[in-house]
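Just so you know, we're using our numbering here: the sequence shown kicks off at 1369 and counts up by one.
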Amino acid sequence: MERVVFQNVSKRFFLSGGRKLISGHVDDLLHGTRKHSFYALRNISFTVREGESLAVVEPMALAKARCSTRDSSLPPDEGESSSTGA
């Protein structure tokens, strides 16, 4: 039985640019803001079946926590993900 399935999943985040001086905000108003983005996941596919394990090795605990929960507050931008069981 399939417990976790990711099919062609991509997740993209936009960088806010951080803190700015007033001149930076004025420049954004006059010339528009350029939103820079990065992919945390790009076109990832895998299946975890009953009795199998998955290890996610990376420095940020948040990404592991989001990947391991069934919380849909952070859905993929592309592809599909599903999980069943405990």
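Glycine included, every Cβ here is placed at the ideal spot set by N, Cα and C.
query: Ordered along the chain, which non-local residues of its own chain (more than five positions away) have a Cβ less than 8 angstroms from that of Thr1437?
result: Confidence at Thr1437 is low in this model, with a pLDDT of 48, below 50, so its placement is unreliable and the value that follows should be read with caution. Closer than 8 angstroms at the Cβ level, and outside the excluded window around Thr1437, lies no residue.
task: For Lys1388, count neighbouring Cβ atoms within 10 angstroms of its own Cβ and tell me buried if that reaches 16, exposed if not.
output: exposed
message: Please give the ranges of any alpha helix (DSSP H) in the stretch 1376-1427, keeping only runs that are unbroken, at least 4 residues long and fully inside the region.
response: 1390-1399
message: Suppose you measure from the CA of Phe1414 to the CA of Gln1375; what does that come to, to the nearest Å?
response: 7 angstroms
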